[in-house]
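Report on the structure given below.
There are 2 protein chains.
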Amino acid sequence: MKYTEMSKAQLEAEQKELLAQYEKIKAQHLKLDMSRGKPGSEQLDLSQGMLTVLKTKEDLISESGIDCRNYGVLDGLPEMKRLIAELVQAKEEQVFIGGNSSLNLMYTIIANAWIYGICGEKPWSQQGEIQFLCPVPGYDRHFKITESLGIRMIPIPLRPDGPDMDIVESYVNQDPSIKGIWCVPQYSNPAGYSYSDQVVRRMAALTPAAPDFRIFWDNAYVIHHLDFEDHDAILNIIDECEKAGHPDLVYEFVSTSKMVFPGNGVSALITSTTNMADIKRIMDTETIGFDKINQLQHVRFFHDKAGIVSHMKQHAAIIRPRFETIWQHFSVLGELGIASWTTPKGGYFLSLYTLPGCAKRTAALCKEVGVILTPAGASYPYGKDPEDHHIRIAPTYPSTEELKTACQVLVICARLAALEALLR
Amino acid sequence: MKYTEMSKAQLEAEQKELLAQYEKIKAQHLKLDMSRGKPGSEQLDLSQGMLTVLKTKEDLISESGIDCRNYGVLDGLPEMKRLIAELVQAKEEQVFIGGNSSLNLMYTIIANAWIYGICGEKPWSQQGEIQFLCPVPGYDRHFKITESLGIRMIPIPLRPDGPDMDIVESYVNQDPSIKGIWCVPQYSNPAGYSYSDQVVRRMAALTPAAPDFRIFWDNAYVIHHLDFEDHDAILNIIDECEKAGHPDLVYEFVSTSKMVFPGNGVSALITSTTNMADIKRIMDTETIGFDKINQLQHVRFFHDKAGIVSHMKQHAAIIRPRFETIWQHFSVLGELGIASWTTPKGGYFLSLYTLPGCAKRTAALCKEVGVILTPAGASYPYGKDPEDHHIRIAPTYPSTEELKTACQVLVICARLAALEALLR
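So the sequence lines, in the order shown, correspond to chains A and B. The first sequence begins at 496 in the numbering used here and counts up by one. The second sequence begins at 496 in the numbering used here and counts up by one.
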């Protein structure tokens with residue numbers, strides 16, 4: 496029986512029963528963290544071999560004879576560029592290899608646009624108020640970057656097939672103050688949605704009013720399927736932009752952080768020749784170069800895309816059951832008519848939608864008994880979920896047992912929050 | 496006999512003789528690079544053990560139980576902070592561990608000042624024309640950073656005991672548009688000068704007109720002595736600033752790039768509590784965190800400062816003879832009265848001073864026969880050496896044999912350039 500169909504007395508009885516359970520949970524003094532998309536230790540074990548692929552002097556010489564121990568090579572080892580190029584189906588010369596953090600690479604590109612301007616255009620900092628489109632729910636760390644620079648963020652509804660392109664087009668094609676859009680095109684953070692071919696093509700076909708508008712295509716989960724027999728696949732944005740005659744429209748980012756050891760991964764930017772020259776020119780002032788030994792470790796560990804795929808299948812085998820655990824626990828919320836959630840085929844997150852006005856309260860109730868969720872609202876610009884109904888769920892980090900406990904707690908808290916709302 | 500004492504006929508005879516030698520060199524089709532301060536491969540071999548200190552899962556747990564394979568810890572592993580703190584005699588909480596490039600850390604701090612402002616002050620980008628003091632000769636990559644931001648650079652004479660502090664004080668204490676000074680306080684790049692105690696104390700005692708003035712103290716060669724029995728030692732700037740009542744005046748930078756494998760080192764910022772909080776707040780937007788595995792590798796390889804010292808002694812044993820080779824070759828230039836040079840007790844460079852107006856020509860003559868030097872002028876803001884007399888010499892990278900050849904060529908070219916000038 497759905498909560499909305501229950502009488503007040505029935506709701507009150509339910510509340511009494513759940514509060515008793517809640518008190519018992521509180522007595523357990525739990526300390527569980529479901530807040531961030533960190534791999535679990537079982538996943539980390541998969542990459543242990545990374546540490547032993549390079550041992551001797553000879554191991555540290557690249558295929559073209561570069562001594563990777565020394566300074567030099569700003570834009571990445573050729574073999575690392577080739578590996579990324581193969582992964583995203585781009586050309587080697589379209590790839591720039593960065594440091595250990597793709598978020599930092601994105602920040603750097605945006606800060607450079609802010610300070611120096613893109614491809615000879617005026618610096619963003621000198622163009623008055625500028626704006627970014629932010630499909631929501633989205634990645635809090637993206638929003639934090641644009642917020643820190645005072646770039647106004649406009650939420651755009653993210654549908655299961657991608658951002659609402661009618662709205663995107665009307666903004667981008669008409670308003671020169673719109674300088675960018677944050678996209679996680681495959682298994683979006685947090686909903687887990689993947690952009691349809693039509694959305695990608697419309698994205699590539701944008702005719703921005705601003706010459707320095709760019710799509711920030713954070714392909715964070717490029718090969719992070721839960722099931723390699725049944726997964727999403729998105730069009731190649733670099734190709735589509737070229738075909739549409741707008742090769743400079745997009746910066747694509749990928750990272751190996753969630754393939755190997757996070758913090759010890761490699762980030763990459765994939766973009767057009769023109770953008771690449773612009774970026775290299777500026778980056779040449781900002782650093783001597785990135786960590787080539789780490790790049791070489793990647794190449795020697797993975798060899799090629801097939802190596803990455805076989806590695807990621809092992810990740811999938813660990814992660815998939817965790818998503819399934821969550822869905823099983825959530826099913827009661829569906830039966831009670833008080834929540835819906837997404838069921839992505841990859842990535843690191845899913846979205847839980849409570850009744851309107853119940854997300855913050857649910858998270859607060861969880862926190863009170865020691866279960867930390869991503870702060871409700873975090874997936875929206877300025878932390879403001881106008882409907883207060885979204886909670887980002889990160890299944891990977893807790894152990895299987897902890898995850899089950901956390902789900903039980905979360906379900907009880909979501910029910911209590913719903914009851915409070917319905918009884919108000 | 497000195498060139499200046501020779502008759503025209505004698506000079507012409509000398510020139511004829513040297514030109515013949517020069518033509519013979521040209522026929523050898525040399526290809527030697529003395530342009531950058533890269534360690535030689537013998538030095539790189541010293542750090543081979545870095546690659547095998549971490550093997551098992553257990554190896555990757557920090558002393559406080561952090562799994563270094565995963566995300567987290569923005570400001571560095573406690574044991575890495577402790578190692579740097581011991582090295583520079585600071586407190587652990589004054590240390591921020593960055594990525595693989597201290598140049599990038601300096602750039603980031605300056606770019607943050609540019610965009611966000613320092614400790615609540617107006618962003619540098621919104622303060623009209625701002626300026627940096629640049630002791631000369633100095634490090635070209637420092638100057639490139641300030642130049643890229645359009646920060647006006649004012650050359651300050653660098654004496655054997657440090658920058659001319661009368662000039663520094665008169666600028667800094669009176670002009671609020673002066674926002675920083677670039678310092679390499681020990682074994683300066685390129686002259687190899689170390690700041691005297693008096694200079695360090697006067698630096699710490701500055702009372703800047705601008706509240707957001709900072710000393711950029713690039714202690715790049717903190718432990719890079721040529722001889723551990725006879726070396727320079729500078730005062731601790733962090734302590735001196737505290738004593739002077741100006742704890743926030745300085746950002747000190749160090750890096751392990753020239754201890755271990757360049758590009759795979761660790762950078763660090765040492766600064767006051769107030770500056771640290773300001774920086775962490777901003778950095779928290781810019782990245783998830785740096786490479787903790789690399790940090791752990793450092794700690795397990797070096798253990799403590801004593802470990803670094805014993806390692807650096809091995810570097811010294813390799814580098815010292817190279818400096819000596821150069822000085823031996825240069826002695827003829829001294830006898831001819833056409834050059835002087837510095838004789839640092841550490842670092843990676845020395846300065847060669849030709850007759851006025853002869854540096855560019857000397858470098859050009861070298862280039863024509865395949866010996867690449869740092870572009871003459873590079874050690875001055877905007878690449879402009881007003882006297883055209885300075886050449887940066889980098890002894891470490893070529894093999895011993897190559898270095899000898901390069902020195903022979905350089906000496907002949909310096910003589911030819913001097914003769915041209917004297918015969919003009």
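Idealized CB from N, CA, C, for every residue including glycine. Because the structure is a prediction, the values reported are computed rather than measured.
Asked                                                                                                                           : Found
Residues in the region 748 to 776 of chain B having any Cβ partner in chain A nearer than 7 Å                                   : Phe756, Pro757, Gly758 and Asn759
Chain B residues whose Cβ lies nearer than 8 Å to that of leucine 644(A)                                                        : Ile610
For proline 685(B) and phenylalanine 844(B), believed in contact at Cβ under 8 Å, the rounded distance                          : 4 Å
Sequence-distant residues of its chain with Cβ nearer than 6 Å to serine 597(A) (five each side left out)                       : Phe748, Ser750 and Ser762
Straight-line Cα distance separating glycine 841(A) from aspartate 727(A)                                                       : 8 Å
Nonlocal neighbours in the same chain, by C-beta distance under 8 Å from leucine 572(B), ignoring five residues either side     : Ser557, Ile561, Cys563, Ile592, Lys787, Gln790, Leu791 and Val794
Bounding residues of the alpha helix (DSSP H) (the contiguous stretch that carries isoleucine 520(A))                           : 503 to 522
8 Å Cβ cutoff, serine 596(A) in contact with chain B                                                                            : yes
Continuous alpha helix (DSSP H) stretch holding glutamate 830(B): start and end                                                 : 800 to 830
Within-8 Å CB hit, glutamine 622(B) to chain A                                                                                  : no
Assigned secondary structure, valine 866(B) (DSSP; H/G/I helix, E/B strand, else coil)                                          : strand
Rounded Cβ spacing between proline 876(B) and methionine 648(B) (contact assumed at less than 8 Å)                              : 4 Å
Local Cβ density within 10 Å of methionine 771(A), reported as buried at 16 or more and exposed below that                      : buried
Distance between histidine 884(B) and serine 835(B) (C-alpha atoms, nearest Å)                                                  : 10 Å
Ranges of the beta strand (DSSP E) found wholly within the region 729 to 778 of chain B, counting only runs of at least 3       : 745 to 750 and 762 to 765
Helix, strand or coil at glutamine 622(B) according to DSSP, with G and I counted as helix                                      : coil
For threonine 838(B) and phenylalanine 723(B), the rounded distance between their alpha carbons                                 : 16 Å
Closer than 8 Å to chain A by CB, glutamate 781(B)                                                                              : yes
Beta-carbon spacing of aspartate 635(B), isoleucine 867(B) below 8 Å                                                            : no
Isoleucine 676(B): contacting residues in chain A (beta-carbon distance under 8 Å)                                              : Under the 8 Å cutoff, chain A gives no residues; its nearest Cβ is about 19 Å from isoleucine 676(B).
Contacts that glutamine 543(A) makes with chain B (C-beta to C-beta distance below 7 Å)                                         : Lys552
Beta-carbon neighbours of lysine 639(A), restricted to chain B and to distances below 9 Å                                       : Asp779 and Thr780
Helix, strand or coil at methionine 529(B) according to DSSP, with G and I counted as helix                                     : strand
Contact under 8 Å by Cβ, proline 652(B) with cysteine 629(B)                                                                    : no
Neighbour list for glycine 784(B) in chain A, Cβ cutoff strictly below 9 Å                                                      : Asn595, Ser596, Pro757 and Gly758
Sequence-distant residues of the same chain with beta carbon closer than 6 Å to threonine 849(B), five excluded per side        : Ala834, Thr857, His884 and Ala909
Min CB distance tyrosine 602(A) to chain B below 8 Å                                                                            : yes
Burial state of aspartate 570(B) (16 or more Cβ within 10 Å)                                                                    : buried
Three CB pairs or more closer than 8 Å across the region 899 to 909 of chain A and the region 819 to 835 of chain B             : no
Sufficient close CB pairs (3 or more, under 8 Å) joining the region 731 to 748 of chain A to the region 699 to 706 of chain A   : yes
Strand pairing of tyrosine 848(A), partner residues [DSSP]                                                                      : Ser835(A) and His885(A)
Where the beta strand (DSSP E) containing arginine 919(A) begins and where it ends                                              : Taken as a continuous stretch (DSSP letters only), arginine 919(A) belongs to no beta strand (DSSP E), as it is neither H nor E.
Under 8 Å between C-beta atoms of leucine 914(B) and leucine 860(B)                                                             : no
Glycine 544(B), buried or exposed, once every other Cβ within 10 Å from all chains shown has been counted against 16            : exposed
Contact set between the region 522 to 548 of chain B and chain A, restricted to residues whose Cβ is under 8 Å from the partner : Arg531, Lys533, Pro534, Ser536, Leu539, Asp540, Ser542, Gln543, Leu546 and Thr547
Histidine 720(A) - DSSP class collapsed to helix/strand/coil                                                                    : strand
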